[in-house]
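For the record, in the sequence shown the residue sitting at position 93 is 78 according to this note's numbering, with numbers rising by one throughout. All residues carry an ideal CB built from backbone N, CA and C; glycine is no exception. Contents: one structure, followed by commentary.
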Amino acid sequence: QVQLMESGGGLVQAGGSLRLSCAASGSFFNDNTMSWYRQGPGKRRELVASITTRSITNVLDSVKGRFTISRDNTKKMVYLQMNDLEPDDTAVYYCNTVSQSVAWGQGTQVTVSS
-14 QVQLMESGGG LVQAGGSLRL SCAASGSFFN DNTMSWYRQG PGKRRELVAS
36 ITTRSITNVL DSVKGRFTIS RDNTKKMVYL QMNDLEPDDT AVYYCNTVSQ
86 SVAWGQGTQV TVSS
């Protein structure tokens, strides 16, 4: 069964940190670039960070130097380390392949208070 399950969100103050995790099930994981997306209140879903199968990464300009994406292919996990969080980072965070080829999970809520 192909499935994505995000966790690790929460409520933090500005300047705080969170580490998000995404557990993937299914054979697609090791063949795909994986990404984290987010959808803030009243906003479109946007791509935040991506990591290739060889762990080459790319992140959104607004989170460069604050967010780091990583993956563990043996565990089929993707992580997003978020430091120095800002109120504008408040959103539901999702993981998926970079082509969004898997059904979306429920996401994990990140709320940053000022």
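Comparing C-alpha positions only, which one of the options sits nearest to residue i?
{"i": "Arg23", "options": "Gln(-12), Met67, Gly50", "result": "Met67"}
{"i": "Glu71", "options": "Trp89, Arg51, Asp57, Val33", "result": "Arg51"}
{"i": "Ser55", "options": "Asp73, Ile36, Gln85", "result": "Ile36"}
{"i": "Met62", "options": "Gln85, Asp74, Met19", "result": "Met19"}
Does residue i come out as helix, strand or coil in the three-state DSSP assignment?
{"i": "Asp57", "result": "strand"}
{"i": "Ser47", "result": "helix"}
Assuming residue i and residue j form a contact by the criterion Cβ under 8 Å, report the distance between their Cβ atoms to the nearest whole angstrom.
{"i": "Glu(-9)", "j": "Tyr64", "result": "Not really, about 11 Å apart at Cβ, beyond 8 Å."}
{"i": "Gly(-7)", "j": "Ser2", "result": "11 Å between Cβ atoms; not a contact."}
Closer than 7 Å by C-beta to residue i: which residues in its own chain qualify, once you throw out the five before and the five after it? Chain order, please.
{"i": "Val87", "result": "Val(-13), Leu(-11), Phe13, Asn81"}
{"i": "Gly27", "result": "none"}
Excluding five sequence neighbours on each side, which residues of the same chain lie with their C-beta closer than 6 Å to the C-beta of residue i?
{"i": "Gly11", "result": "Val(-13)"}
{"i": "Val44", "result": "Ala34, Phe52"}
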